[in-house]
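Enquirer: Pasting a structure below so you can have a look.
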Amino acid sequence: MHPILFKIGNFAVYSYGMVIAFSIFLTSFLVLRHGRKEGLSEETLLNIIFLIIVSGLFGARLLHILVHFSYYFRHPLEVIAIRHGGMAVQGGVIFGLTAGILFLRRTNLPTLRVLDLLALYFPLGQAIGRLGCFLNGCCYGKETNFFLSVRFPFDNVSRHPTQIYYCLSNLFIFLVLFFLWKGKRKNGSILLIYFMLYSISRYGIDFFRGNLEPLFLSLYPTQVISFFIFLIAAAFFIFQIIRGNCHSDNIPG
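Heads up, the sequence shown is in our numbering, so the first residue is 5 and it goes up one at a time.
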């Protein structure tokens, strides 16, 4: 692990923050470049990207605090200490997309088309962000003798590198979505498929997490959230298929 990237005098630059910043910059750049090719307003895309970043970071931190409420109740000052990590991806996605939808409703941009574009690059940004988790040593897994196990310095115990599992699964999701984007699709389908695939991967990998507390039927809070997100996304996806092309034409990639 390498939580501190480098120091300038007494000022420390943390790996987690730098990786997250790079992830945001890269995905924003790719969305803007892709949006221009799609003929979307660059100014409006910039506004929605900024809104999603701000609301997403807030939502990610809020959900993390709620999931680990007992800890933050005992250490309230830690609520604002994010240099060591502490972002729940699901909270960021939910808050970010909600803010994005509300904003898009007030513009002339096609809502589902823009959401598809954003969802296409979400998993790439998440994959990069998980490298920050690995360098930081957070979001680690349970103890194991698995040959891919990693010894984390805080206890020198072999554990599942769940950060890497998340990273690889998100890269896979990105490749799947990128392939689907190239074919014919209905507006909104990329977003729904992203939610379904991410929920499945998150639900499965979380069984190997070592720093989560069960919430219901031995399931972690993030798994419960993933379960309901999958059900909602799958229901909309099935409805979209049944409804056909009433409101959304098949479009080429």
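Note that the Cβ used here is the ideal one computed from N, Cα and C, for glycine as well.
Pop quiz: residue 35 and residue 135 are said to be a contact at Cβ under 8 Å. What is the actual Cβ separation, rounded to whole angstroms?
Expert: For the purposes of this step, residue 35 is identified with residue 31 of the sequence shown, where counting begins at 1. For the purposes of this step, residue 135 is identified with residue 131 of the sequence shown, where counting begins at 1. Separation of the CB atoms of residue 35 and residue 135 is rounded to 20 Å, and the pair is thereby denied contact status at 8 Å.
Enquirer: Go ahead and pull the three-state DSSP assignment for residue 82.
Expert: Within the sequence shown, numbered from 1, the residue matching residue 82 stands at position 78. Three-state result, residue 82: helix.
Enquirer: Taking residue 126 as the reference, give the member of 226, 238 and 33 with the closest Cα.
Expert: As a working note, residue 126 is residue 122 in the sequence shown. For the residues 226, 238 and 33, the minimum Cα distance to residue 126 belongs to 33.
Enquirer: Exposed or buried, residue 58, counting other C-beta atoms within 10 Å across all chains shown (16 or more means buried)?
Expert: Numbered from 1 along the sequence shown, position 54 holds the residue referred to as residue 58. Classification for residue 58: exposed.
Enquirer: Which residues share a DSSP beta bridge with residue 223?
Expert: Within the sequence shown, residue 223 is the residue found at index 219, counting from 1. Looking at the DSSP output, residue 223 sits in a beta bridge with 220.
Enquirer: Below 8 Å between beta carbons: does that hold for residue 100 and residue 63?
Expert: Reading the sequence shown from its first residue, position 96 is the one you call residue 100. Reading the sequence shown from its first residue, position 59 is the one you call residue 63. Their beta carbons are under 8 Å apart, which means residue 100 touches residue 63 by this criterion.
Enquirer: Along the alpha helix (DSSP H) that carries residue 163, what are the first and last residues, could you check?
Expert: Counting from one through the sequence shown, the residue named residue 163 turns up at place 159. Residue 163 -> not in any alpha helix (DSSP H); beta strand (DSSP E) instead, spanning 161-163.
Enquirer: Quick one: grab the DSSP three-state call for residue 113.
Expert: Taking the sequence shown and counting its residues from 1, the one referred to as residue 113 is at position 109. In this structure, residue 113 counts as coil in the three-state DSSP scheme.
Enquirer: Can you tell me the Cβ-Cβ gap for residue 129 and residue 56, rounded? I've got them flagged as a contact below 8 Å.
Expert: Position 125 of the sequence shown, counted from the start, is the residue given in the question as residue 129. Position 52 of the sequence shown, counted from the start, is the residue given in the question as residue 56. In fact, because the Cβ distance is near 11 Å, the residues do not count as touching under 8 Å.
Enquirer: Whole-angstrom Cβ separation of residue 203 and residue 233, contact assumed at under 8 Å?
Expert: As a first step, residue 203 must be located in the sequence shown, where it is residue number 199. As a first step, residue 233 must be located in the sequence shown, where it is residue number 229. Their Cβ separation, rounded to whole angstroms, is 5 Å, which keeps residue 203 and residue 233 in contact under 8 Å.
Enquirer: Assuming the contact rule is C-beta atoms closer than 8 Å, residue 146 and residue 212 should be a hit. Round their C-beta distance to whole Å, please.
Expert: Indexing the sequence shown from 1 puts residue 146 at position 142. Indexing the sequence shown from 1 puts residue 212 at position 208. The Cβ separation is near 6 Å, so the contact holds.
Enquirer: When burial is assigned at 16 or more other CB atoms within 10 Å of the CB, is residue 103 buried or exposed?
Expert: Position 99 of the sequence shown, counted from the start, is the residue given in the question as residue 103. Burial call: buried.
Enquirer: Should residue 51 and residue 114 be called a contact, given that it needs their Cβ atoms to be closer than 8 Å?
Expert: Position 47 of the sequence shown, counting from 1, holds the residue named residue 51. Position 110 of the sequence shown, counting from 1, holds the residue named residue 114. No, they are not a contact pair.
Enquirer: How many Å lie between residue 26 and residue 165 at the Cα?
Expert: Residue mapping note: residue 26 aligns to position 22 of the sequence shown, counting from 1. Residue mapping note: residue 165 aligns to position 161 of the sequence shown, counting from 1. Going from the Cα of residue 26 to the Cα of residue 165 covers about 22 Å.
Enquirer: Taking the alpha-carbon of residue 73 as reference, which of 238, 216 and 17 has the nearest alpha-carbon?
Expert: Taking the first residue of the sequence shown as position 1, residue 73 is located at position 69. Comparing Cα-Cα distances from residue 73 to each of 238, 216 and 17, the minimum goes to 216.
Enquirer: Rounded to the nearest angstrom, what separates residue 76 and residue 91 at their Cα positions?
Expert: For the purposes of this step, residue 76 is taken as residue 72 along the sequence shown, with counting starting at 1. For the purposes of this step, residue 91 is taken as residue 87 along the sequence shown, with counting starting at 1. In a straight line, the C-alpha of residue 76 is about 14 Å away from that of residue 91.
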